[in-house]
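Colleague: Residue numbers (our numbering), protein chains in the order written: chain A, 1 to 115; chain B, 1 to 149.
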Amino acid sequence: MSEPKKRKKLSKRTDAAIEALKTQRLRWVMGISQVGVKIDEERYHAVVDNIMKDEIERQMIIGAIKEKGPMTIKELSETTDIPPDRMLRHIIALRKTGTVSEVGEKEHGYLYAVL
Amino acid sequence: MVEAVMEKAEFEPTIVAFCCNWCAYAGADLAGTSRFEYPTNVRIIRVMCTGRIDPTIILSAFRSGADGVLIAGCHPGDCHYVKGNYAMERRFNFLKDILNHLGIEPERLVLEWVSAGEGGKFAALIRNVTRQIKDLGPNPLKETMIEKE
Chain A
1 MSEPKKRKKL
11 SKRTDAAIEA
21 LKTQRLRWVM
31 GISQVGVKID
41 EERYHAVVDN
51 IMKDEIERQM
61 IIGAIKEKGP
71 MTIKELSETT
81 DIPPDRMLRH
91 IIALRKTGTV
101 SEVGEKEHGY
111 LYAVL
Chain B
1 MVEAVMEKAE
11 FEPTIVAFCC
21 NWCAYAGADL
31 AGTSRFEYPT
41 NVRIIRVMCT
51 GRIDPTIILS
61 AFRSGADGVL
71 IAGCHPGDCH
81 YVKGNYAMER
91 RFNFLKDILN
101 HLGIEPERLV
111 LEWVSAGEGG
121 KFAALIRNVT
131 RQIKDLGPNP
141 LKETMIEKE
């Protein structure tokens, strides 16, 4: 990519980042109170609910693995009653933070264990 | 001939410094009255508290072509508004991540504590930051401004 093109792309990304910093979600994470801006209660609760649901489900996954040993995504989803598509998202997130890791294979799927 | 002269000219960065009214700005004032020398690359903006600086303003400074941004506030525990500098520190770490994510060197953003009595420290800080930004080179976003013109 040529230099002017790269710069243009970077400018666009920076503009997007400036706009992103104005969003309520990022401002909550950064702990910025918005003077004169009324908090959208509905949106606030939706975000908090989502975060809570994610965290609770992730702790359930960790608990299940600790209790029953390494499991595949299919087994985990049966044990915890979390749908497989959500389970996959959680496993990806937990792998990123280094909480779980693949330790082997079983029935064409990976076995995940808590590190 | 002009091009040759321009090429040889050393890169002079533009640094935007946000200084809090109670500590860093008074420190800058003291540096001036004490006749401490520091580079003229810095453009000081006085704010009441570093905690009042919105992160969008800092990113906008980079977007507008600032080569570096310095935030100078009261020492931890000395904030005039009790915990404004702690709020800034939290946002500072967040902003460094954003800059990194964008592909702008996070070292272009500097946070430092300067008290009202530290005129010498303020001058030394400006010297260090200017040197640091000079080593990094121009802000990758800067050229866009020229292209726009």
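From the three backbone atoms N, C-alpha and C, an ideal C-beta is built for every residue, glycine too.
It should be emphasised that the depicted structure is a prediction, and the values quoted were computed from it without experimental measurement.
Pull out every residue of the region 60 to 87 of chain B whose Cβ sits closer than 9 Å to any Cβ of chain A, in chain order.
Modeller: S60, F62, R63, A87
Colleague: Anything in chain B within Cβ reach of A/M30, meaning under 8 Å, just list it in chain order.
Modeller: P55, R90, R91, F94
Colleague: Spell out a yes or no on whether the region 103 to 121 of chain B and the region 8 to 27 of chain B are touching, meaning 3 or more CB-CB pairs, one atom from each, closer than 8 Å.
Modeller: yes
Colleague: So that I know if they touch, is there some Cβ in chain B lying closer than 7 Å to that of A/S11?
Modeller: yes
Colleague: How about B/A17 and B/L70: do their beta carbons lie closer than 7 Å?
Modeller: yes
Colleague: Give a yes or no on whether the minimum CB-CB distance between B/L136 and chain A is below 7 Å.
Modeller: Not one chain A Cβ lies under 7 Å of B/L136.
Colleague: Return the first residue and the last residue of the beta strand (DSSP E) that A/L21 is part of.
Modeller: It is not in any beta strand (DSSP E) - A/L21 carries neither H nor E in the DSSP assignment.
Colleague: How many whole angstroms separate the CB atoms of B/C20 and B/A72, which I take to be in contact at a CB cut-off of 8 Å?
Modeller: 7 Å
Colleague: With a threshold of 16 other CB atoms inside 10 Å of the CB of A/T1, please say whether the residue is buried or exposed.
Modeller: As written in the sequence, residue 1 of chain A is Met, which differs from the Thr given in the question. The residue in question, A/M1, is exposed, as its Cβ has fewer than 16 Cβ neighbours within 10 Å.
Colleague: Starting from the C-beta of A/T80, find all residues in its chain whose C-beta is less than 8 Å away, skip the five residues before and the five after it, and write them out in chain order.
Modeller: The answer, listed in chain order, is E57, M60, I61, A64, M87.
Colleague: What are the boundary residues of the alpha helix (DSSP H) that includes B/F94?
Modeller: 84 to 102
Colleague: Beta-carbon separation of A/A16 and B/L102 under 7 Å?
Modeller: no
Colleague: Based on Cα-Cα distance, which residue from B/A9, B/G137, B/T50 lies nearest to B/I104?
Modeller: Residue nearest to B/I104 within the set B/A9, B/G137, B/T50 is B/G137 (criterion: CA-CA distance).
Colleague: Report the neighbours of B/I98 on chain A: residues whose CB is nearer than 7 Å to its CB, in chain order.
Modeller: A17
Colleague: Taking DSSP as the reference, what is the three-state secondary structure of B/I53?
Modeller: coil
Colleague: Cβ closer than 7 Å: which chain A residues qualify as neighbours of B/R13?
Modeller: The residue you asked about is not Arg; residue 13 of chain B is Pro in the sequence shown. Here the premise fails: no neighbours, minimum Cβ distance about 17 Å.
Colleague: Cβ of B/N41 within 7 Å of Cβ of B/I15?
Modeller: Result yes, Cβ atoms of B/N41 and B/I15 sit closer than 7 Å.
Colleague: Could you confirm whether any beta carbon from chain A is found closer than 7 Å to the beta carbon of B/P140?
Modeller: So yes, B/P140 belongs to the interface.
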